Each structure stands twice: as structure tokens, then as C-alpha cells.
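The UniProt record's numbering applies: residue 633 is where the sequence shown begins, and numbers increase by one.
Glycine included, each C-beta is placed from N, C-alpha and C at the ideal position.
All values reported here derive from a predicted model rather than from experimental measurement.
Right, one structure below, let's go through it.
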Amino acid sequence: LLLLTDLRRALEENQFQLLYQPSIAFENNELLGAEALLRWHHPERGYIMPSEFVPMAETLGLIRHIDEWVLDRVCRQVSQWNSEGVKIPRVAVNISAGWFSHPDFVQQLTSTIERNGIEAHQIMLEITESTILQLGDATRQTMSSLHELGVAIAIDDFGTGYSSLAYLKLPAVAYLKVDRSFVDGLPESAEDASIVQAMVAMARSLGLAVIAEGVETEAQHEFLRGVGCEEGQGYLYSRPIEAKNLGELLRQEA
Ligand code: G
Ligand code: G
Ligand code: MN
Ligand code: NA
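This is the structure in C-alpha cells:
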């Protein structure tokens with residue numbers, strides 16, 4: 633059992649680590665950005681994945697502090713790359729519902745971006761459909777403030793939630809991330825193929841970009857590209873890697 637004190641200590645004692653998974657353009661394999669993914673290096677239990685501790689951190693009210701740590705860390709890293717002349721187009725950061733819907737969220741994000749002197753469009757936020765479902769009227773305000781700030785939103789795990797599609801019209805929502813569970817069955821599963829094709833067609837007609845997650849095979853890559861998906865992440869291109877390795881990739885591209 634992971635205790636509250638363990639999570640608190642994790643923040644105090646710097647037991648968290650960020651990895652970055654590159655996201656690439658299907659057209660020319662260009663690096664379009666990366667997703668920041670959190671790892672907890674527990675002193676006794678070793679590496680713990682976010683699926684194990686993020687829900688608990690949410691329940692314990694600690695997720696805000698974790699997500700703030702992640703955002704600060706990412707903005708500092710982006711700032712460092714900028715100053716080294718390797719400008720990353722964007723880094724995607726996963727934000728939990730509790731912090732995204734908090735009245736202080738946009739102000740905190742704005743000051744973290746300004747303090748680090750980076751461009752707002754270099755940060756993208758990933759939220760899930762269930763986050764949108766949990767939000768009330770505050771959503772619209774948060775969304776429009778983010779749009780004014782220039783921070784784009786991606787809908788993570790798209791197609792796995794139960795929300796309506798109305799939020800896709802909000803101007804800040806610029807990306808859909810097709811959940812790995814749909815990509816897994818490609819190209820053999822006729823159902824997954826139809827679902828993915830329909831998602832991409834809808835996104836494109838709404839002017840949204842589509843990022844496929846969990847691309848592991850050449851056949852999946854070819855299928856996705858064939859239906860008009862422009863971008864993807866997955867073990868086929870790269871596992872999540874450390875910042876210094878992503879920096880090297882950026883330098884190679886520059
Ligand atoms: O890296 P992994 O496959 O274990 O990530 C699984 C999920 O954990 C991600 O899809 C995301 O929803 C969540 N996650 C990863 N990093 C973060 C983070 O920094 N903050 C929050 N709130 N969730 C994260
Ligand atoms: O934010 P989200 O829940 O989508 O997090 C993505 C998770 O998926 C990360 O934890 C990452 O480690 C994992 N992942 C990334 N690429 C692949 C892949 O190609 N295959 C599988 N099985 N997992 C992946
Ligand atoms: Mn994500
Ligand atoms: Na996802």
C-alpha cells in the first residue's frame with residue numbers, strides 16, 4: 633500500500649522523473665514534439681507507473697502539486713533547449729481534472745510559462761474526455777483563457793470516454809489523440825479500422841489534428857497514414873526517453 637507520506641516524500645525528495653516520448657510526422661518523420669510522462673522512482677518499490685499512483689494522488693488532493701512540478705520541470709527544460717538553439721515545437725503535458733478545473737490553474741500556468749521565458753505554443757495540455765465531463769461552467773472560461781494564452785489542448789484517450797462531442801468546437805481544442813486501444817487492432821480488426829477512419833475524418837473536417845498513440849508496427853503506421861492521420865507516437869518510433877536524449881534528437885534535426 634502506498635501511503636500519503638510516501639507521495640509527499642516523493643515530491644520533497646525528488647523521486648519523480650520525467651521521460652519524453654517523441655511525436656513524429658508521418659509524412660517525413662520530422663519530430664513535431666514530445667509528451668512528458670511521469671515516473672516515480674520509489675526507494676523500496678522501484679519504478680512505479682502513473683496508472684498506479686495518479687489516481688491515488690487525485691484522491692489525496694496531491695495531484696495539483698505533482699502536475700505543477702511537471703509543468704515547471706517541462707517549462708525549464710524547454711527554456712534550456714531554447715537557449716541552446718534547439719527549439720522544440722511543443723511538449724504535451726498531462727493534466728488531471730482536479731487541477732485543470734481549479735480556479736488558479738490558468739494563472740499558475742501563465743506565470744510558469746512567463747517565468748521561464750518560453751513561448752506559450754511550446755506547451756500543449758492533454759486532458760481526457762472524463763475531465764471535460766467533470767467540469768462545469770468553469771470549463772468554457774478556462775478553455776477560452778488558454779486559447780488567448782496560446783496553449784493548445786489535446787483530447788487524450790479519445791473515444792474511450794462518455795462525453796458528448798460538443799467540446800470539439802471549442803477553439804482551444806486543436807488535437808485529438810486516438811487511444812492506443814484502437815490502434816492495437818490495426819489493420820486487421822475491421823471494427824478498429826472503421827472507428828479510427830471515422831475519428832480521423834471527423835477531426836479533419838473540424839480542423840483538428842490527429843495524433844495516434846501506441847503505434848508499434850509498420851502496418852499500423854501505413855494504415856494510419858492512409859486514412860489521413862498526420863502524426864503519431866509509439867514504440868515503432870521511440871519509447872519514452874530522457875531529456876538529454878531528446879535534446880540530442882533535436883540537435884540532429886536542427
Ligand atoms: O507513461 P504511462 O503509460 O504509464 O502513462 C499513463 C498515463 O498516466 C498517461 O496517459 C497519463 O494519463 C498519466 N500521466 C502520465 N504522466 C502524467 C503527469 O505528469 N500528470 C498526470 N496528471 N498524469 C500523467
Ligand atoms: O497519456 P497516455 O495515457 O496516453 O500515456 C501513454 C502511455 O503509453 C505511456 O505510459 C507510454 O509509456 C505508453 N506507450 C507509449 N507508446 C507505446 C506503445 O507503442 N505501445 C505501448 N504498449 N505503450 C506505449
Ligand atoms: Mn497522454
Ligand atoms: Na492516452
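- Beta-bridge analysis with DSSP links Arg671 to Gln649.
- By the Cβ-count criterion, Pro654 is buried, with 16 or more other Cβ atoms from all chains shown falling within 10 Å of its own Cβ.
- Separation of Met831 and Asp638 (C-alpha to C-alpha, rounded to the nearest whole angstrom) is 41 Å.
- Secondary structure note for Thr771: its alpha helix (DSSP H) is the uninterrupted segment Ala770 to Leu781.
- Rounded to the nearest whole angstrom, the C-alpha separation of Ala804 and Arg772 is 10 Å.
- Cβ contact annotation for Ile745 (same chain, cutoff 7 Å, sequence separation greater than five): Cys707, Ala752 and Ile755, in chain order.
- Proximity to ligand 3 was defined by a C-beta distance below 6 Å to any of its heavy atoms, and the residues meeting it, in sequence along the chain, are Glu667, Asn726, Glu758 and Asp788.
- Measuring C-alpha to C-alpha distances from Arg671 to each of Asn726, His734 and Ser715 identifies Asn726 as the nearest.
- Taking a contact as a CB-CB distance under 8 Å, the pair Leu808 and Phe790 counts as one, their CB atoms being some 5 Å apart.
- Taking 8 Å as the cut-off, the Cβ atoms of Glu820 and Phe658 do not count as close.
- Inter-residue distance for Tyr652 and Gly782 is about 22 Å (C-alpha atoms, whole angstroms).
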